[in-house]
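Enquirer: Residue numbers for the sequence shown follow the working numbering, so the first one is 16 and each next one is one higher. Ideal Cβ placement from N, Cα and C applies to all residues, glycine included. I have a structure I would like to understand better, so I am pasting it below and will then ask my questions one at a time.
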Amino acid sequence: MPVSVVPYSEVDVLIIGAGPAGLMCANALANARVNVRIVDKRAAKIAAGQADGISPRTIEVFQSYGIGERLLKESAQVHQAAFYNPSASGGIELTSRAPDVTAPSARYPFEVALHQGGIEAIFLDSMSALGVEVERSTIPTSLYISKDENELADPASHPVRVALQRLDVPEGQPQEEIVHAKFVVGADGAHSWVRKQLDIAMEGEQSEFIWGVLDMVPDTNFPDVRNKSLVHSNHGSALLVPREQDRLRIYMQLEDKDVIDPATGRVDKERIGPEELLRVARRSLYPYSLNPTTGILWWTLYIIGQRVASRFSVENRVLIAGDACHTHSPKAGQGMNASMNDAHNLAWKIALVVRGWADSSLLSTYESERRKYALDLIAFDKMFSTLFSGKPLTEENSDGVAPEHFMKTFQKFGGFTSGIGVHYDPSVAVLDRNQELASGLVIGERFPPYKFIRAADAWPFEIQDLLPSDFRFKLLVFTGDYSDPRQQASVKSMVANLQTPESFLNRYTTPGKSSENSRFDIITISKGRKDGFDFLQFPTLLRSHWSKVFVDDIDMSGSFGGTGYSYYGIGPEGAVVAVRPDGYVGAIAPLDHVEELDAYFASFMKISA
Ligand SMILES: Cc1cc2nc3c(=O)[nH]c(=O)nc-3n(C[C@H](O)[C@H](O)[C@H](O)COP(=O)(O)OP(=O)(O)OC[C@H]3O[C@@H](n4cnc5c(N)ncnc54)[C@H](O)[C@@H]3O)c2cc1C
Numbered sequence: 016m017p018v019s020v021v022p023y024s025e026v027d028v029l030i031i032g033a034g035p036a037g038l039m040c041a042n043a044l045a046n047a048r049v050n051v052r053i054v055d056k057r058a059a060k061i062a063a064g065q066a067d068g069i070s071p072r073t074i075e076v077f078q079s080y081g082i083g084e085r086l087l088k089e090s091a092q093v094h095q096a097a098f099y100n101p102s103a104s105g106g107i108e109l110t111s112r113a114p115d116v117t118a119p120s121a122r123y124p125f126e127v128a129l130h131q132g133g134i135e136a137i138f139l140d141s142m143s144a145l146g147v148e149v150e151r152s153t154i155p156t157s158l159y160i161s162k163d164e165n166e167l168a169d170p171a172s173h174p175v176r177v178a179l180q181r182l183d184v185p186e187g188q189p190q191e192e193i194v195h196a197k198f199v200v201g202a203d204g205a206h207s208w209v210r211k212q213l214d215i216a217m218e219g220e221q222s223e224f225i226w227g228v229l230d231m232v233p234d235t236n237f238p239d240v241r242n243k244s245l246v247h248s249n250h251g252s253a254l255l256v257p258r259e260q261d262r263l264r265i266y267m268q269l270e271d272k273d274v275i276d277p278a279t280g281r282v283d284k285e286r287i288g289p290e291e292l293l294r295v296a297r298r299s300l301y302p303y304s305l306n307p308t309t310g311i312l313w314w315t316l317y318i319i320g321q322r323v324a325s326r327f328s329v330e331n332r333v334l335i336a337g338d339a340c341h342t343h344s345p346k347a348g349q350g351m352n353a354s355m356n357d358a359h360n361l362a363w364k365i366a367l368v369v370r371g372w373a374d375s376s377l378l379s380t381y382e383s384e385r386r387k388y389a390l391d392l393i394a395f396d397k398m399f400s401t402l403f404s405g406k407p408l409t410e411e412n413s414d415g416v417a418p419e420h421f422m423k424t425f426q427k428f429g430g431f432t433s434g435i436g437v438h439y440d441p442s443v444a445v446l447d448r449n450q451e452l453a454s455g456l457v458i459g460e461r462f463p464p465y466k467f468i469r470a471a472d473a474w475p476f477e478i479q480d481l482l483p484s485d486f487r488f489k490l491l492v493f494t495g496d497y498s499d500p501r502q503q504a505s506v507k508s509m510v511a512n513l514q515t516p517e518s519f520l521n522r523y524t525t526p527g528k529s530s531e532n533s534r535f536d537i538i539t540i541s542k543g544r545k546d547g548f549d550f551l552q553f554p555t556l557l558r559s560h561w562s563k564v565f566v567d568d569i570d571m572s573g574s575f576g577g578t579g580y581s582y583y584g585i586g587p588e589g590a591v592v593a594v595r596p597d598g599y600v601g602a603i604a605p606l607d608h609v610e611e612l613d614a615y616f617a618s619f620m621k622i623s624a
């Protein structure tokens with residue numbers, strides 16, 4: 016009798032789940048040339064619906080992977096928010112309009128909306144060009160993490176074993192495969208199988224909130240149908256989000272009586288369908304009319320609690336991301352954003368560890384950074400939900416929610432909801448020193464945008480475009496005014512310091528000359544005027560290529576630029592800023608004590624074997 020042998024394979028990273036979190040992770044790892052596989056139980060990417068809001072910070076992140084232009088082209092931009100409240104005549108009326116985004120340093124001061132399938136398609140095409148495809152109709156059936164301490168400590172080992180089962184292969188062909196992985200990422204959504212295998216608890220409120228969601232192309236006389244509208248009515252609250260191709264998304268928080276079967280106490284999806292949801296939406300929007308022109312394009316009952324996983328990783332070998340580790344209401348538009356930004360935070364750390372450039376302890380900062388963010392998100396969601404779902408302030412309801420209070424809260428938390436203000440606390444990846452050298456930057460926050468002039472050809476460049484999300488740290492050397500002899504001396508001594516054998520630049524090198532092997536990218540930004548500026552005057556370390564030197568001056572048309580130093584709060588003495596591969600400020604050092612960066616990099620970087 017033939018003995019069936021289960022195929023066995025090895026991979027650096029196995030990702031389970033190809034939603035926004037898994038795809039962001041796979042695309043980032045593929046970009047970093049990491050050997051990655053991604054599987055999903057679905058036979059195809061989702062066609063419609065689910066999440067759709069992308070925050071300003073997430074647009075920046077897309078841009079950093081070279082996929083921002085497509086996102087901007089295919090999505091609808093949301094610039095303005097409108098607030099509706101009960102009117103004296105029993106319906107609703109416009110009480111105010113405000114910018115949808117209140118984050119002054121946002122490069123894109125708006126949100127965009129595109130259905131989740133459209134977001135997934137952007138990743139799928141980007142990954143496909145890098146040779147990575149989602150393996151569909153595939154589920155994991157068992158997961159085992161080695162208990163051997165030596166194996167766990169060895170960065171070259173594959174201590175996680177996952178049995179995969181193909182659901183779509185004909186009878187008689189192998190359906191099972193055992194994958195030995197260095198790392199496994201569980202990005203398998205709110206009901207995560209991976210999380211359950213790891214016995215990780217979801218902590219927080221046990222109660223679930225029920226949202227009705229409708230997508231349509233509307234025929235309506237509601238004047239803010241192309242703005243984000245937060246509608247507070249005596250007949251229920253609704254959130255309207257304008258979408259691509261004239262579409263409209265409507266969220267309604269439902270009451271238990273609408274969806275709970277009193278006999279069982281459980282949600283009964285048969286009790287409410289798209290027609291009933293449309294009636295609920297119409298009640299909230301009265302006296303405005305609402306008619307779908309081509310029917311309801313998608314609808315769902317989205318049942319969600321406010322919970323955070325007690326841990327995001329086991330042994331820093333199996334890590335969970337996205338809805339697998341936090342769930343919350345869709346109102347603040349954070350589900351897909353939080354999930355993709357988990358993966359963005361995690362991917363470069365895994366890439367560095369797989370390359371042997373960083374100690375696996377760097378991975379602990381994934382949980383410390385993203386779990387704190389998730390807890391903050393849940394706290395915000397609870398506060399905002401209470402305001403959103405609370406009864407409006409009226410004569411009969413004196414402790415209701417006042418329209419101004421609601422609008423002010425919406426604006427006050429703009430830094431958080433835009434993703435721009437996300438802050439990572441000190442850790443091996445965030446060195447909290449020398450903040451005063453660049454008071455306009457925040458150590459632990461993303462590097463803000465500004466346009467500098469490329470010295471060699473006077474071409475203006477957005478600095479964020481010089482900080483792509485690859486596996487390299489960017490060293491931004493703000494030299495001060497190089498025509499000042501004192502600054503020249505200071506810069507020359509910094510360069511001499513960086514060239515010593517003990518310097519991180521020389522300690523953490525990888526054999527081979529290709530850019531693939533380079534861990535650092537040095538960008539020089541000088542004070543001064545572009546006219547007569549000679550980029551060749553800088554020591555060669557600061558101009559590895561002619562395109563690496565910039566000057567803080569106004570552009571040729573005289574319309575922007577020239578105040579970057581003051582915007583970043585950098586004085587005439589200059590500074591060196593180490594920006595992490597995910598675009599966050601990791602450390603700042605003075606030019607004359609650049610060796611302070613040695614300690615920063617030594618805390619997680621490894622010398623190549
Ligand atoms: C039905 C539904 C409706 C939603 N509606 C909204 C909404 O209206 N607004 C909003 O903001 N958010 C909504 N969400 C949430 C939003 O989609 C998520 O917040 C966001 O997609 C999180 O991304 P993620 O990658 O972490 O998880 P998901 O998008 O859930 O992706 C998880 C992926 O893992 C796969 N998977 C799951 N289990 C396994 C397994 N055992 N093996 C292999 N693959 C597996 C799934 O097929 C899926 O592709 C909805 C989610 C669902 C499920």
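For residue 571, is the classification buried or exposed, using 16 other Cβ atoms within 10 angstroms of its Cβ as the cut-off for buried?
Expert: exposed
Enquirer: Take residue 391 and list the residues in its own chain whose beta-carbon comes closer than 8 Å to its own, dropping the five residues that flank it on each side.
Expert: 431
Enquirer: So if DSSP puts residue 200 in a beta bridge, which residue, or which two residues, is it bridged to?
Expert: 30 and 334
Enquirer: Pick from 443, 367 and 349: whose alpha carbon is nearest that of residue 434?
Expert: Closest option to residue 434, judged by alpha-carbon separation, among 443, 367 and 349: 349.
Enquirer: Entirely within the segment 253-320 and at least 3 residues each: give me those beta strand (DSSP E) ranges in chain order.
Expert: Within the segment 253-320, the complete beta strand (DSSP E) runs of at least 3 residues are 263-268, 305-307 and 313-319.
Enquirer: So, with DSSP's three-state summary, where would you put residue 150?
Expert: strand
Enquirer: Under 8 Å: do the segment 33-43 and the segment 125-137 share three or more Cβ pairs, one atom per stretch?
Expert: yes
Enquirer: On the CB-based measure, 16 or more other CB atoms within 10 Å of its CB, does residue 351 come out buried or exposed?
Expert: Residue 351 counts as buried, since no fewer than 16 other beta carbons sit within 10 angstroms of its beta carbon.
Enquirer: Are the Cβ atoms of residue 504 and residue 49 separated by less than 8 Å?
Expert: No. Outside cutoff.
Enquirer: Would the segment 558-568 count as touching the segment 452-460 if we require 3 or more Cβ pairs under 8 Å?
Expert: Not touching, per the Cβ criterion.
Enquirer: Between the segment 562-569 and the segment 326-339, are three or more C-beta pairs nearer than 8 Å?
Expert: no
Enquirer: So is residue 595 buried or exposed if we call it buried at 16+ other beta carbons inside 10 Å?
Expert: buried
Enquirer: On the DSSP letters alone, give me the boundaries of the alpha helix (DSSP H) that residue 346 sits inside.
Expert: Where residue 346 is concerned, there is no enclosing alpha helix (DSSP H), given that its DSSP letter is neither H nor E.
Enquirer: Does ligand 1 have a heavy atom nearer than 7 Å to the CB of residue 208?
Expert: yes
Enquirer: Can you check which of these residues, 515, 484, 465 and 584, is closest to residue 6 by C-alpha distance?
Expert: This structure gives no information on residue 6, because the portion of the chain shown stretches from 16 to 624.
Enquirer: Determine, for residue 192, whether the minimum Cβ-Cβ distance to residues of chain C falls below 8 Å.
Expert: Looking at the structure shown, chain C is missing, and only one protein chain is on hand.
Enquirer: State yes or no: is the C-beta of residue 317 nearer than 7 Å to some heavy atom of ligand 1?
Expert: yes
Enquirer: Using the Cα positions of residue 495 and residue 545, report the straight-line distance between them to the nearest angstrom.
Expert: Going by C-alpha positions, residue 495 is about 14 Å away from residue 545.
Enquirer: Can you look up residue 372 in the DSSP assignment and give me helix, strand or coil?
Expert: coil
Enquirer: Determine the direct distance from the alpha carbon of residue 614 to that of residue 577, and round the result to whole angstroms.
Expert: 33 Å
Enquirer: May I have a chain-ordered list of the beta strand (DSSP E) segments no shorter than 3 residues that lie completely inside the segment 115-169?
Expert: As far as the segment 115-169 is concerned, its whole beta strand (DSSP E) runs of at least 3 residues are 126-128 and 153-160.
Enquirer: Can you grab the Cα-Cα spacing for the pair residue 632 / residue 225, in whole Å?
Expert: Here the chain has residues from 16 to 624 only, and residue 632 is not among them.
Enquirer: Taking the alpha-carbon of residue 445 as reference, which of 586, 506 and 599 has the nearest alpha-carbon?
Expert: 599
Enquirer: Using DSSP with H/G/I as helix, E/B as strand and the rest coil, what is residue 243?
Expert: strand
Enquirer: Quick one: Cα of residue 146 to Cα of residue 265, how far?
Expert: 37 Å
Enquirer: Quick check: is any heavy atom of ligand 1 less than 7 Å from the C-beta of residue 155?
Expert: Ligand 1 has a heavy atom closer than 7 Å to the beta-carbon of residue 155.
Enquirer: Given that a residue counts as buried once 16 or more other Cβ atoms are within 10 Å of its Cβ, and exposed if not, what is residue 317?
Expert: buried
Enquirer: Name the two residues that bound the continuous alpha helix (DSSP H) containing residue 88.
Expert: 83-89
Enquirer: Shorter than 7 Å, the distance from the beta carbon of residue 57 to the closest heavy atom of ligand 1, or not?
Expert: Under cutoff, so the answer is yes.
Enquirer: Within a Cβ cutoff of 6 Å, which residues of the same chain sit near residue 158, ignoring the five residues on either side of it in sequence?
Expert: 177 and 212.
Enquirer: Spatial neighbours of residue 436 within its chain, please: CB distance less than 6 Å, with the 5 preceding and 5 following residues excluded, ordered by chain position.
Expert: 430
Enquirer: Following a CB-centred definition, is residue 183 positioned closer than 7 Å to any heavy atom of ligand 1?
Expert: no
Enquirer: List the DSSP bridge partners of residue 72.
Expert: Residue 72 is not bridged to any residue.
Enquirer: Give me the residue from 468, 623, 619 and 511 with the minimum Cα distance to residue 527.
Expert: 623
Enquirer: Do residue 82 and residue 127 have their C-beta atoms within less than 8 Å of each other?
Expert: no
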